[in-house]
Amino acid sequence: MKLSEIKSHLNTLEQISFMLPNGELVPTHFHVTEVGKITKHFIDCGGTVRTEEVANFQLWNADDYNHRLHPEKLVHIIELSEKIIGLADLDIEVEYQGETIGKFGLDFDGINFLLTTKQTDCLAKENCGIPAEKPKMKLSQLESTGASCDPKSGCC
């Protein structure tokens, strides 16, 4: 989800809720302690220099159980970030502390903002010796291509 999308969704909501991938809701007294830009400048395992940028939200819980972040307040924080630090319409990454700090993608189901799992990946598979995934075929397709083996032919 991009910044423009979250602002659009926030403008339709009366309250904000974030749901973890396991279905649990982030406690309603959460704070968004940071809205910023994270730039990652790196070399992949194939030697290619790359740069990635994301808008970053950090969610945090304190013991102030009466705290509620309202949608218009979060929109204001986002707009301030756009103005002051030049935050562009980037994809959003959310940090939230469970056992350790987790990094999540963000989606929306019409009611809740969904913290989605992120995966690592090799960006230079062609240089790493990672074999291409073998195509999966159904046995019924093998027969139609003539590539099947007859048990009586001696090939098995």
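What the sequence shown shows, in our numbering, is residues -1 to 154, in sequence order. Every residue gets a Cβ at the ideal spot worked out from N, C-alpha and C, and that includes glycine. The structure displayed is predicted, hence computed values, not measured ones.
Exercise. Report the partner residues of Lys116 according to the DSSP bridge assignment.
Key: In DSSP, Lys116 forms no bridge with anything.
Give the DSSP-derived three-state secondary structure of Glu3 in the structure shown.
Here Glu3 sits in helix by DSSP.
Whose CA, out of Ala122, Gly127 and Glu131, lies closest to the CA of Ile41? Per the Cα distances, Ala122.
- Three-state secondary structure (DSSP) at Glu124? When DSSP states are grouped into helix, strand and coil, Glu124 belongs to the helix group.
Margin query: To test your reading of the DSSP string, which unbroken alpha helix (DSSP H) runs of 4 or more residues are found completely within the region 66 to 115?
Written below: As far as the region 66 to 115 is concerned, its whole alpha helix (DSSP H) runs of at least 4 residues are 69 to 82.
In whole angstroms, give me the CA-to-CA distance for Asp105 and Val47.
One C-alpha to the other measures close to 29 Å.
Pairing CB atoms from the region 25 to 33 with CB atoms from the region 74 to 82, are three or more of them under 8 Å?
-> Using a Cβ-Cβ distance cut-off of 8 Å, the region 25 to 33 and the region 74 to 82 are in contact, since at least three pairs of beta carbons, one from each stretch, lie closer than that value.
(Q) Can you check which of these residues, Asp87, Met17, Ile99 and Asn125, is closest to Thr114 by C-alpha distance? (A) Between Thr114 and the set Asp87, Met17, Ile99 and Asn125, the nearest pair of CA atoms involves Met17.
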